[in-house]
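One gets this note's numbering by counting positions in the sequence shown from 1 and adding 24 to each.
All C-beta atoms in this analysis are idealised placements derived from N, C-alpha and C, irrespective of residue type, glycine included.
Inspection log for the structure reproduced underneath, given as structure tokens.
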Amino acid sequence: MTSKKSNQELLGDLNRELKSAKIGVAVRQKGDRLYLRGTFPPKPGSNKVKPCQQDIPLGIYANPAGLKKAKTEALNAGAALASKSFRWSDWGVEDKKDLSQPISFWLDFFEKDYFSKRSRTEKSESTFEDYKSIWKTFRDVSLPLSEETIFDALLSTEPDTRKREKACIYLKALAKVAGIEIELDAYKGSYCSEPINERDLPSDELIEFLYASIPNRSWQWLFGIQATYGVRNHEALKYLDLSRFSEKILIVREGSKTGYREIWPYRPEWWNKWNLAEVSIPNCIGKNNSDLSGRVCQAYKRYGIPFPPGNLRHAWAVRADFYRLSPILAAKMMGHSLEVHYKHYNRWLNRRHFQQAWEKSIESADAKGKTKIENLLAELQKEIMTTQILEKDKAKALTQLEAIRALVIVN
């Protein structure tokens, strides 16, 4: 006769069964009660941002009936983890953050949470600097985070500006992490980036003159690269891949604002004229892309360049359109969306499309007009050939007809 198994033996059998099934959750006993043990998401209010080993009290006794119930709960918890639908509220833990914590606590928590979901790279660090610029709108970070302090920070930014738009996005993300439900979209306003003024774009002649005026070869080379390839400031300093530069193809490597892309020169003759193959990148350092961009702006001012570096980029876009490069390809080379490309350069794109439509319509009209004249001349030739006139007069008429036909074809 087989002896009856003890609770500990039954618990051991249960955990071996759960482990064999790869449930990811075990059952453990504390005192006379049973708990689930597994790697669960941080509990609401915890300062942890990554899943960690935790216990869930089941409130049931450690006996055979309780172990059967614990098995069911373990299977439910494992399924929720596997499907990423685990919620602490399903296990009796209120999903409510401790809002007595100061703003500084939540800013630190947000940063930990942000980088727990992505690697710390130059790109992600640079992006997070953008968040930190909005955190500065909080007047006193020792105050508790609340709807009131969030709105106070938001309304300290100028309406209908890029900063207000970013504040709405970033402050809403902060509120979400803290468990605060708040609607900020209505405060974004109608921000639109300033239109590019045609008068601000440097002509190719001015660009060539300014290039020649820069005495420092490294900064002269960078000026030439930005003019010829339209790259951003920080990209020109830090993110160039020159592996195909002998083919006049400039590569912006991964890690930049918009990732890997290949760019062709517009105007290609500048590559030879300025000897861009002899690479001479300025020796600049900066803690992030914004710092590097500032270094370029300072250098341009120092050398008397009468416009910001971004105008070389805009000039490249308009020049590429003049060379009839597809807006889709131009946007890819510039590292932004087609929507952004049309938003910035719509005036020039429309002008080119209208020009093409006009040329096509004129060509079509000319072609139809010439066809009619050709038909008329053919009829005249037939009439001349069949009319009873002297041969010398007929020859003279045909010669005049050919002269008219040649004139029509030329024009």
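Just how far apart, CA to CA, sit residue i and residue j?
i: isoleucine 273; j: isoleucine 287; result: 6 Å
i: tryptophan 295; j: serine 270; result: 10 Å
i: valine 364; j: serine 150; result: 21 Å
i: aspartate 345; j: glutamate 232; result: 20 Å
i: alanine 202; j: tryptophan 130; result: 7 Å
i: lysine 156; j: isoleucine 193; result: 13 Å
i: arginine 142; j: tryptophan 340; result: 34 Å
i: valine 73; j: arginine 268; result: 43 Å
i: isoleucine 174; j: threonine 145; result: 29 Å
i: leucine 169; j: asparagine 100; result: 35 Å
i: lysine 43; j: alanine 50; result: 8 Å
i: phenylalanine 64; j: lysine 147; result: 30 Å
i: lysine 187; j: aspartate 176; result: 15 Å
i: glycine 248; j: histidine 368; result: 23 Å
i: serine 30; j: threonine 96; result: 20 Å
i: isoleucine 206; j: glutamine 77; result: 32 Å
i: glycine 359; j: lysine 160; result: 29 Å
i: proline 68; j: alanine 45; result: 29 Å
i: lysine 54; j: lysine 136; result: 33 Å
i: serine 107; j: methionine 357; result: 40 Å
i: glutamate 229; j: lysine 297; result: 13 Å
i: threonine 252; j: serine 314; result: 22 Å
i: isoleucine 275; j: asparagine 312; result: 20 Å
Does residue i come out as helix, strand or coil in the three-state DSSP assignment?
i: alanine 86; result: coil
i: threonine 6; result: Shown here, the chain extends from 25 to 435; a query on residue 6 therefore has no answer.
i: proline 81; result: strand
i: alanine 50; result: strand
i: arginine 326; result: helix
i: leucine 60; result: strand
i: leucine 208; result: coil
i: valine 434; result: Because valine 434 carries a pLDDT of 49, less than 50, the predicted location of this residue cannot be relied on, and the following value inherits that uncertainty. If DSSP states are grouped into helix, strand and coil, valine 434 belongs with the helices.
i: aspartate 176; result: helix
i: cysteine 76; result: strand
i: proline 351; result: helix
i: glutamate 286; result: strand
i: isoleucine 305; result: coil
i: leucine 230; result: helix
i: valine 276; result: strand
i: aspartate 482; result: The shown model of the chain, from 25 to 435, leaves out residue 482, and the question about it has no answer.
i: leucine 264; result: strand
Taking 9 Å as the cut-off, decide whether the C-beta atoms of residue i and residue j are in contact.
i: leucine 35; j: leucine 60; result: no
i: glycine 310; j: arginine 319; result: yes
i: isoleucine 47; j: alanine 86; result: no
i: lysine 250; j: proline 333; result: According to the sequence displayed, residue 250 carries glutamine and not lysine. A contact, by the Cβ cut-off of 9 Å.
i: arginine 52; j: aspartate 79; result: yes
i: lysine 190; j: leucine 208; result: no
i: arginine 277; j: leucine 261; result: no
i: proline 126; j: leucine 167; result: yes
i: serine 17; j: valine 165; result: In the structure displayed, the chain extends from 25 to 435; residue 17 sits before or after that span and is not available.
i: serine 237; j: proline 306; result: no
i: leucine 439; j: alanine 94; result: Here the chain covers residues 25 to 435 and nothing more, so residue 439 does not appear.
i: proline 75; j: proline 66; result: yes
i: asparagine 335; j: aspartate 224; result: yes
i: alanine 323; j: leucine 246; result: yes
Give every residue of the same chain whose Cβ lies closer than 6 Å to the Cβ of residue i, excluding the five residues on either side of it in the sequence, and list them in chain order.
i: arginine 343; result: Tyr290
i: arginine 337; result: Gly254
Would you decide whether residue i is buried or exposed? Buried here means 16 or more other CB atoms lie within 10 Å of its CB.
i: phenylalanine 162; result: buried
i: tyrosine 284; result: exposed
i: glutamate 293; result: exposed
i: valine 303; result: exposed
i: proline 256; result: Note that residue 256 corresponds to arginine in the displayed sequence, not to proline. By the 10 Å Cβ count, arginine 256 comes out buried.
i: glycine 62; result: buried
i: glycine 102; result: buried
i: glutamine 244; result: buried
i: asparagine 299; result: exposed
i: leucine 353; result: exposed
i: proline 183; result: exposed
i: glutamate 171; result: exposed
i: glycine 90; result: buried
i: glutamate 259; result: buried
For residue i, which residues of its own chain have a beta-carbon under 8 Å away from its beta-carbon, when the five flanking residues on both sides are left out?
i: arginine 57; result: Pro81, Leu82, Gly83, Ile84, Tyr85, Ala86
i: leucine 362; result: Pro351, Ile352, Ala355
i: aspartate 154; result: Lys190, Tyr194
Spatial neighbours of residue i within its chain, please: C-beta separation below 7 Å, excluding the five flanking residues on both sides.
i: isoleucine 158; result: Lys190, Ala191, Tyr194, Leu195
i: leucine 10; result: With the chain covering 25 to 435 only, the question about residue 10 has no answer from this structure.
i: serine 124; result: Pro168
i: cysteine 308; result: Leu261, Leu316, Arg319
i: tyrosine 138; result: Phe152
Quick one: is the Cβ of residue i within less than 8 Å of any heavy atom of the ligand NAP?
i: phenylalanine 269; result: No copy of the ligand NAP appears in this structure; indeed no ligand is present at all.
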